[in-house]
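Step one of this worksheet: look at the structure below.
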Amino acid sequence: MIELQFQEAGLGDDAIDYVEAWELQRQVHAQVTAGDRPGTVLLLEHPPVFTAGKRTTPDERPADPGTAAVIDVDRGGKITFHGPGQLVGYPIVRLPDHVKVVDYVRRVEEALIAVCADFGVTTARVPGRSGVWLRADARGPERKIAAIGIRVSRGVTMHGFALNCDVDLGWYDRFVPCGIADAGVTSLSQELGRDVPVTEVLPSVRRHLAELLAWQPYDATPDYEPRPEPGRGPRIPVLTPGA
538 MIELQFQEAG LGDDAIDYVE AWELQRQVHA QVTAGDRPGT VLLLEHPPVF TAGKRTTPDE
598 RPADPGTAAV IDVDRGGKIT FHGPGQLVGY PIVRLPDHVK VVDYVRRVEE ALIAVCADFG
658 VTTARVPGRS GVWLRADARG PERKIAAIGI RVSRGVTMHG FALNCDVDLG WYDRFVPCGI
718 ADAGVTSLSQ ELGRDVPVTE VLPSVRRHLA ELLAWQPYDA TPDYEPRPEP GRGPRIPVLT
778 PGA
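So the sequence shown is numbered by my numbering: it starts at 538 and just counts up by one.
Below, the structure written as structure tokens:
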């Protein structure tokens, strides 16, 4: 079994500032790259913040971000929101030679699909749109419950995922999440009609990430119907610089 560490870097009242967490990511990334530390998943919450990936266009930025900062970051993808009640995970792991970047993203998505299933919420991937989604139904349109955006540098991953547990969904009214205007956003609490705090979700997230990031074969959940981003073909929000 490949060793994988989990580190709770700031939850609840100890939610960690995004820039501080970004610096922590860089430190851990350098240690994993040098072979001085095993692969590590940072699990945390952030105070309210908007982060703009490399493909964010000016019109997609929130006109009124409220009390939240808007920070440009070095991951792929577009703009998203982080805040209390959202479990953010930053897996900082070396990709084995047989695991390509797309496979890595799919493994993280699969882990989050399994987490949602543990709570009785059925989700899957939507080809052309990263993250984890619910089908359109009587409760609402097709809607995203977890977002993913990563960077790979020197074969080691950074950034990661955000799973909406009991986050205030009102923040998403201030912008178009991930630049996709024809779908909604949801949370475990919204879908289940009860409060689902981050602490309740942590054990499931640890278990499924440990399984999927052991790099063994797995049975993928069948996809929903493809939904390419408006004006684009299928794309995964990944930035893979040569350095």
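Glycine residues also receive a C-beta, built at the ideal position from the N, C-alpha and C atoms.
For residue i and residue j, what's the separation of their Cα atoms in angstroms?
i	j	result
Arg631	Arg711	36 Å
Glu597	Asp703	24 Å
Asn701	Asp760	20 Å
Phe618	His635	32 Å
Thr642	Leu746	Contrary to the premise, residue 642 reads as Val rather than Thr in this sequence. In a straight line, the C-alpha of Val642 is about 12 Å away from that of Leu746.
Gly678	Val738	Note that residue 678 corresponds to Pro in the displayed sequence, not to Gly. One C-alpha to the other measures close to 24 Å.
Ala654	Leu725	11 Å
Report the CB separation of residue i from residue j in whole angstroms; it is logged as a contact under 8 Å.
i	j	result
Leu750	Pro575	So it is not a contact: roughly 11 Å between Cβ atoms.
Gly626	Val578	6 Å
Ala546	Leu580	7 Å
What residue from the options has the CA that sits closest to residue i's CA?
i	options	result
Val689	Ala605, Leu580, Asp611, Pro595	Asp611
Val658	Ala567, Ala648, Glu647, Leu671	Leu671
Gly692	Val556, Asp551, Gly572	Gly572
For residue i, which three-state DSSP category applies?
i	result
Tyr761	coil
Asp551	helix
Ala751	coil
Pro628	strand
Arg688	strand
Gly707	helix
Arg662	strand
Asp596	helix
Thr570	helix
Thr736	helix
Ala546	strand
Tell me the DSSP bridge mates of residue i?
i	result
Gln562	Partner(s): none; Gln562 has no beta bridge.
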